[in-house]
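Asker: Attaching a single structure in structure tokens format; questions to follow.
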Amino acid sequence: MVSTERLPRWLWLLAALFGLRLALMAILPMADTSEPRYAEIARLMATSGDWITPWFEPGVPFWGKPPFAFWASAASFRLFGYSDFAARVPAWLATLATAALIYAYAKERLGQTAARYATLIYSSCLLTFVLAGAVLTDAYLTLAITLCLVAFSKQQTGLRPAWGYAFFAGLAMGMLAKGPLAIVLVLAVILPWLLWHRKLAGASLRRLPWMGGTLLFLALSAPWYVLAELKTPGFLQYFIVGEHFYRFVDPGWQGDLYGSAHQRIYGSIWLDWLLATLPWGPYALWLLGRRAWQHRNTWPNLHALPPDISLLLLWALATPLFFTLSGNILWTYVQPALPAFAILLACALAQRAPVSTARWRWEALAAPVPLAGVLFCLAVLARPDLLKNEQSLIAAQQVHALNGQPLYYQDKLPFSARYYSKDTAKLHRGPVTPEFLAQYPAGVFLAIENNRLSQAGLPPDSPVLFKNRRYSLVYANPSQRTFIARKGNVQP
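Be aware that the sequence shown starts at 31, since it is given in this note's numbering, and climbs by one per residue.
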């Protein structure tokens, strides 16, 4: 048994990072739009037992993403029950697995000091910290790409054939986590590397188990794609052509069935990279700029770079370069590049001062992101309306609905309302008419946008029971007002 007194400082810091993220994801509610949407899809999967088709809502298939993230959260729901923590913990485990791969790779190729720094840098980047506790697909895609590229690098030694199969297993995981984009991002690293190191290309390719690996890839990934198309015809056309072509080449793509296009200026991905890598990215750019100035009179000899370093360099650049000419992007798209960025920066730090007494200064850069997470959590606890979230309104409605009166959102139903109500909150379009109210003699609850309350068509003197950042909860049966008011919490 290892004494805790002998645990190195970096390991304590790493444990604190992951432990804190575990606590925060249990405390913070899900904010609209993406996270509660994916959590609700996973909840429907867990409750229906349909593990083939993710459902956007009952009767409407969700073709926007493969099922891996939904499988993970749905299985967690089955294991731990329905909660924010259960929905998020698989992403936390995927991030932990990615960090473990980073450490194992860097320790073998670059030494223990670089491995420690790399793991700490990756885990304390802003985007990594956020995604480690979020119901999104990016943590799984990053794990898949990291497994592929680490396995490809390790396979070059020829000593461990199992890594060759791990490469194809990673591709299959990427196909089930994000789709063909995973293969594109892996090839965007490997193909330039093979051209860069042509003398190694032949041997590198021969070391991969192409026959067995391809069969493994198809056995793991193809069945779901076939079953999904058979069950909901049209899936492959939408997902392969729409999500993997039009989404990236057309910033104003109107074919998105589940949201709206994210129209942004070309090259915005590099600003996303700077934000995602905080606080390490600016420091890395400063180190790079200083080194370039010191060697301003000499051109770097790229051909002299070791194969491992050139692979990492391509890995760090491939994803942001790929999305540079796409205006339909999110900042989370940067994540697959961060493992390589962390290893490269760690290598530079280890070479500068492997046994420096000032090492704590670098380790201190791991503190800002988790500290910001704690402050944000405290702010949300003090003022829940900081988040676009319907958990508090759903809870207020459930307190007042003694006779099972339903809840309708007028004109727009937020995903967090669907998720926290377990899909009992419904959508009502248009004004509140007497014909609509007549369907509910015991009364009905309505969530109406605060700035549209006077135009909602409510009966006179309908009591407002609760307000959050966006919506007012109104009881739309005046005859029940006295009864509801006696329960308290009525907000005028």
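Where a beta carbon is used, it is the ideal one built from N, C-alpha and C, also for glycine.
1) Apart from the five residues just before and just after residue 431, which ones in its own chain have a Cβ nearer than 7 Å to its Cβ?
2) With H, G and I counted as helix, E and B as strand and the rest as coil, what does DSSP make of residue 223?
3) Would you call the region 149 to 163 in contact with the region 114 to 133, where contact means no fewer than 3 C-beta pairs closer than 8 Å?
4) Suppose only complete runs of 4+ residues qualify. What are the alpha helix (DSSP H) ranges in the region 162 to 200, listed by chain order?
5) Just how far apart, CA to CA, sit residue 255 and residue 473?
6) Mind checking whether residue 185 and residue 238 have CB atoms under 8 Å apart?
7) What residue does the beta strand (DSSP E) around residue 58 start on, and which one ends it?
8) In angstroms with no decimal places, state the Cα-to-Cα distance between residue 242 and residue 195.
9) Quick check on residue 158: buried or exposed, where buried means 16 or more other Cβ atoms within 10 Å of its Cβ?
10) May I ask you to report which of helix, strand or coil DSSP gives residue 293?
11) Would you mind giving the Cβ-Cβ distance between residue 348 and residue 219, rounded to the nearest angstrom? I have them listed as a contact below 8 Å.
12) How should residue 448 be labelled, buried or exposed, when 16 other C-beta atoms within 10 angstroms of its C-beta is the threshold for buried?
13) Tell me the DSSP secondary structure of residue 433 in three-state form.
14) Rounded to whole angstroms, what is the Cα-Cα separation between residue 270 and residue 95?
15) Per DSSP, residue 449 forms a beta bridge with which residues?
16) If you check the beta carbons only, do residue 211 and residue 178 fall under 8 Å apart?
17) Taking DSSP as the reference, what is the three-state secondary structure of residue 395?
18) Using a Cβ-Cβ cut-off of 6 Å (strictly less than) and excluding sequence neighbours within five positions of residue 50, which residues of its own chain qualify?
19) Could you spell out where the alpha helix (DSSP H) holding residue 478 opens and where it closes?
20) Here's the rule: buried if 16 or more other CB atoms are within 10 angstroms of the residue's CB, otherwise exposed. What is residue 465?
21) I believe residue 376 touches residue 148 by the beta-carbon criterion, under 8 Å. Please report the beta-carbon distance rounded to the nearest angstrom.
22) Please return the same chain residues whose Cβ sits closer than 6 Å to the Cβ of residue 398, not counting the five positions on each side in sequence.
23) Which partner residues does residue 440 have in the DSSP bridge list?
24) Please report how far the alpha carbon of residue 213 lies from the alpha carbon of residue 501, in whole angstroms.
25) Going by DSSP, name the residue or residues bridged to residue 85.
26) Where does residue 175 land, buried or exposed, given buried means 16+ other C-beta within 10 angstroms?
27) Of the choices 42, 41, 54, whose alpha-carbon is the least far from that of residue 28?
28) Measuring straight from C-alpha to C-alpha, what distance separates residue 470 and residue 360?
29) Go ahead and label residue 45 buried or exposed: buried means 16 or more other beta carbons lie within 10 angstroms of its beta carbon, across all protein chains shown.
30) Starting from residue 503, trace the beta strand (DSSP E) in both directions and tell me its first and last residue.
31) From residue 358 to residue 302, what distance separates their C-alpha atoms?
32) Mark residue 429 as exposed unless 16 or more other C-beta atoms lie within 10 angstroms of its C-beta, in which case mark it buried.
33) Give the secondary structure of residue 496 by DSSP, where H, G and I count as helix, E and B as strand, and everything else as coil.
34) Can we say the region 88 to 105 touches the region 59 to 75, given the rule of at least three CB pairs closer than 8 Å?
35) If you draw a straight line from the C-alpha of residue 71 to the C-alpha of residue 322, how long is it?
36) CA-CA distance, residue 99 and residue 380?
Answerer: Judging by the given coordinates:
1) 475
2) helix
3) yes
4) 168 to 185
5) 46 Å
6) yes
7) No beta strand (DSSP E) holds residue 58; DSSP gives it neither H nor E.
8) 8 Å
9) buried
10) strand
11) 5 Å
12) buried
13) coil
14) 10 Å
15) In the DSSP output, where bridge partners are listed per residue, residue 449 has none listed.
16) no
17) helix
18) 400
19) Premise fails: residue 478 lies in the beta strand (DSSP E), 475 to 479, not in any alpha helix (DSSP H).
20) exposed
21) 4 Å
22) 309
23) 458
24) 43 Å
25) 91
26) buried
27) Because the chain in this structure spans residues 31 to 522, residue 28 falls outside the shown range and cannot be described.
28) 43 Å
29) exposed
30) 501 to 505
31) 13 Å
32) exposed
33) strand
34) yes
35) 49 Å
36) 36 Å
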